[in-house]
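Have a look at the structure below, then the notes.
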Amino acid sequence: MMKDKELKELINHYNTFLGEVEQIQFTPDKQMPLKLDFVLSRATEFRPYNIVGTMGLSEIKLKGIYENCEIIMLLGEEWKFKLKNLNNNWPFELVNKIANAVYLSDTELGYGKYFINEDNKTFSPLTDMGVALIGIPAMLDRKFFELKSGKKKINFFLLITATFEELKLIKKIGGINFIQRYLLPEGESAFVIHNNTL
């Protein structure tokens, strides 16, 4: 459980850089040791996607350069936030799994790291994505990437999804090169998660 002061600083950080956020409740399918809370900044006329951010991952100290992290994801403006529905909650399940995998394996989180869904299945029947890739939220103000909270420094990473076909390329050239060569030139839309059949 995050301390009240840290929680306020985190919400204030999200509000400052994403516009007013609302807290949303999500209960994962399986109980895991690390429980995340989420904030939502809804799509606007100037930004055609929703931004969802985690609160709770930064409680734990990770290995590597980035010891305390949170994750954001960009969801299409058409996204429905009825989170008991599997077609709407799979990105939340995904972030929850990644956060707990990082926590339980005592590993690091960083730019270019990727995670493959179990049994090589897609994350949902409504998507052809089955790979999660960690990026930097370059579409946001660069000051968003880091929050200083007392002695702690919290970094914010972006969750990107990819297909199993794209995974072959990611394995060949690395996650960072894949993002820089193939996604960045396409612009913001390349980082937005959609349900294909919505």
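Once you know that position 93 of the sequence shown is 105 in the numbering used here, the rest is easy, because the numbers rise by one and skip nothing.
Every residue gets a Cβ at the ideal spot worked out from N, C-alpha and C, and that includes glycine.
Between the alpha carbons of residue i and residue j, how many angstroms are there, rounded?
i, j, result
"Y61", "F50", "16 Å"
"F156", "N27", "11 Å"
"I185", "L138", "28 Å"
"F176", "A113", "20 Å"
"E34", "A144", "25 Å"
"I205", "W91", "9 Å"
"L220", "E158", "Here the chain covers residues 13 to 210 and nothing more, so residue 220 does not appear."
"N24", "Q43", "28 Å"
"Y123", "I188", "7 Å"
"N108", "S136", "15 Å"
"L48", "K20", "15 Å"
"L52", "Q37", "10 Å"
"E198", "I77", "28 Å"
"K163", "K180", "40 Å"
"F190", "S201", "16 Å"
"G88", "N132", "24 Å"
"N129", "N97", "19 Å"
"E178", "R59", "26 Å"
How many whole angstroms separate the CB atoms of residue i and residue j, which I take to be in contact at a CB cut-off of 8 Å?
i, j, result
"N80", "I166", "5 Å"
"F127", "I110", "6 Å"
"P45", "L116", "7 Å"
With a 10 Å radius around its C-beta and 16 neighbouring C-beta atoms as the bar for buried, classify residue i as buried or exposed.
i, result
"G31", "exposed"
"L171", "buried"
"G147", "buried"
"L195", "buried"
"G68", "buried"
"E57", "exposed"
Near residue i, which residues of its chain fall below 7 Å by C-beta distance, leaving aside the five closest residues on each side in sequence?
i, result
"L71", "Correcting the residue identity first, residue 71 is Glu in this sequence and not Leu. Closer than 7 Å at Cβ, skipping near neighbours: M14."
"K75", "D118, T119 and E120"
"A174", "M141, V143, L145 and I182"
"P40", "E105 and N108"
"K73", "E79 and N80"
Please list, in chain order, all residues of the same chain as residue i whose beta carbon is under 8 Å from its beta carbon, the five residues on each side excluded.
i, result
"F29", "L152, D153, K155 and F156"
"N208", "L138, T139 and D140"
For residue i, I'd like the list of residues in its chain whose CB is within less than 6 Å of its CB, leaving aside the five on either flank, ordered along the chain.
i, result
"F203", "L86 and I172"
"R193", "none"
Select from the options the residue whose C-alpha is nearest the C-alpha of residue i.
i, options, result
"R54", "N129, L48, L46 and I63", "I63"
"L22", "K73, I128, E200 and G65", "G65"
"K125", "S161, I83, K133 and N132", "I83"
"T134", "K73, R59, P103 and K163", "P103"
"E18", "L95, K160 and T56", "K160"
"P149", "N132, D131, F169 and E130", "F169"
At least one CB of chain B closer than 9 Å to the CB of residue i: is that the case?
i, result
"S70", "Here chain B cannot be found, since the structure has a single protein chain."
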